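Numbering (this note's numbering), first residue to last: 591 to 977.
Just so you know, even glycine gets a beta-carbon here, dropped at the ideal spot from N, CA and C.
Note that this is a predicted model, so its numbers are computed, not measured.
First up is the structure itself, then whatever we jot down about it.
Rendered as structure tokens:
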């Protein structure tokens, strides 16, 4: 194992305390710190110390794909690390967004070839399913809820202009597409008035509070109303949400460990000043009711849990070593990235032992042996999901 140094992305919605506290740095940080990236994504690759210098994990994998990835991962995904591990820390809402499936990503990337930067929907030919595990209380929007409930929520505001949207939702799941299209294509000159009418309505409850909170940051954005069609989820530490292709979602606030396929394809639907392509988003979205958005951890072995997901790009385990379980042996295929969340955790894969403090990470190649954890603390382990 070798120490892995991840870059921090300074998006405006990021926290000035969460990642700094995790890494034991002064709080508040100089600016917003939104995401710590621990992987080989070319947009912000992590680095490994070699000979007193930092070597990009992208370059290391490219130079020795068999060593780092293993034959099975190379055969399935090519000579690239198929997953990206992150710490995500939100003090403000992220955009409403969804991600394409593999076929949509490949076709969209080809079709976008002639578009100028900033107007492209697809920046690579890969899908981007995601799993996020809360490490502090977290709030998010994830997947469509029962449209009958959404219809009741919108009707309660008493805004006559919303009646066609409510009527579409009353038809059940088949009307979701029409309801979302109506909101996202609302005439630009009338959007501010519509959102203001909802905010001004004398309605109490969590949905009204959510609408007012979102409208304060994004006045006149129809995404404020689309957000009311989604499950409003509050995660306790250790609980997760799974976002497959076509799932409309947004993180609102909180801190989590996120693992995803190594892609940066994002189709936005609102709550953002960035490019929104309504037609392409509607083509990608799956208008299905998500009845249970929360994923609970599943025990794997003493001191080990996972959150099973139906993709081969990644798998995520959490390892806890303590007096009851002083050593954990975890045989995992392919490359692996380890992030310490609490305590001090030592990990050895046969190539070398590293001891990690909170916020530190390590990387090991597929050619190494099983991971052996000792110490006292908690760590997340990212690997490919192949068996």
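Pairwise C-alpha distance: residue j and residue i
i, j, result
"residue 783", "residue 908", "47 Å"
"residue 716", "residue 699", "9 Å"
"residue 681", "residue 844", "7 Å"
"residue 662", "residue 675", "20 Å"
"residue 955", "residue 940", "11 Å"
"residue 926", "residue 959", "11 Å"
"residue 645", "residue 639", "6 Å"
"residue 760", "residue 736", "10 Å"
"residue 873", "residue 591", "43 Å"
"residue 720", "residue 796", "26 Å"
"residue 947", "residue 614", "9 Å"
"residue 702", "residue 598", "28 Å"
"residue 848", "residue 608", "14 Å"
"residue 865", "residue 709", "6 Å"
"residue 665", "residue 628", "23 Å"
"residue 957", "residue 924", "8 Å"
"residue 694", "residue 718", "11 Å"
"residue 652", "residue 658", "9 Å"
"residue 840", "residue 731", "5 Å"
"residue 898", "residue 780", "44 Å"
"residue 754", "residue 830", "35 Å"
"residue 953", "residue 637", "10 Å"
"residue 692", "residue 793", "42 Å"
"residue 621", "residue 678", "15 Å"
"residue 770", "residue 605", "30 Å"
"residue 828", "residue 889", "12 Å"
"residue 726", "residue 800", "20 Å"
Paired residues, beta bridge with residue i - DSSP
i, result
"residue 936", "945, 964"
"residue 860", "686"
"residue 629", "674"
"residue 845", "679"
"residue 605", "623"
"residue 853", "Answer by DSSP bridge pairing: none, since residue 853 is not bridged."
"residue 839", "687, 732"
"residue 720", "833, 850"
Nearest candidate by alpha-carbon position, reference residue i, set the options
i, options, result
"residue 803", "673, 693, 729", "729"
"residue 934", "910, 629, 774", "910"
"residue 854", "916, 712, 677", "712"
"residue 738", "748, 727, 750, 757", "757"
"residue 669", "678, 648, 876", "648"
"residue 750", "836, 732, 787, 811", "787"
"residue 837", "886, 860, 733, 929", "733"
"residue 972", "914, 902, 826, 942", "902"
"residue 881", "862, 870, 823, 848", "823"
"residue 686", "858, 770, 598, 923", "858"
"residue 743", "780, 852, 820, 919", "820"
"residue 887", "949, 964, 722", "722"
"residue 891", "826, 790, 918", "918"
"residue 922", "974, 604, 807, 792", "974"
"residue 816", "896, 860, 697, 705", "860"
"residue 603", "938, 842, 850", "842"
"residue 913", "610, 966, 633, 740", "966"
"residue 632", "671, 754, 876, 606", "671"
"residue 871", "740, 916, 813", "813"
"residue 642", "876, 593, 727, 970", "593"
"residue 762", "968, 777, 805, 877", "877"
Presumed contact (8 Å Cβ cut-off) between residue i and residue j, rounded CB distance
i, j, result
"residue 596", "residue 951", "6 Å"
"residue 936", "residue 943", "6 Å"
"residue 879", "residue 774", "About 19 Å separates the two Cβ atoms, so there is no contact after all."
- Message: As an exercise, report each continuous beta strand (DSSP E) stretch of at least 3 residues that is fully enclosed by the segment 724-812, in chain order.
- Response: 728-734
- Which whole runs of the beta strand (DSSP E) in the segment 887-936 are 3 residues long or more, in chain order? 888-891, 894-896, 905-911, 917-920
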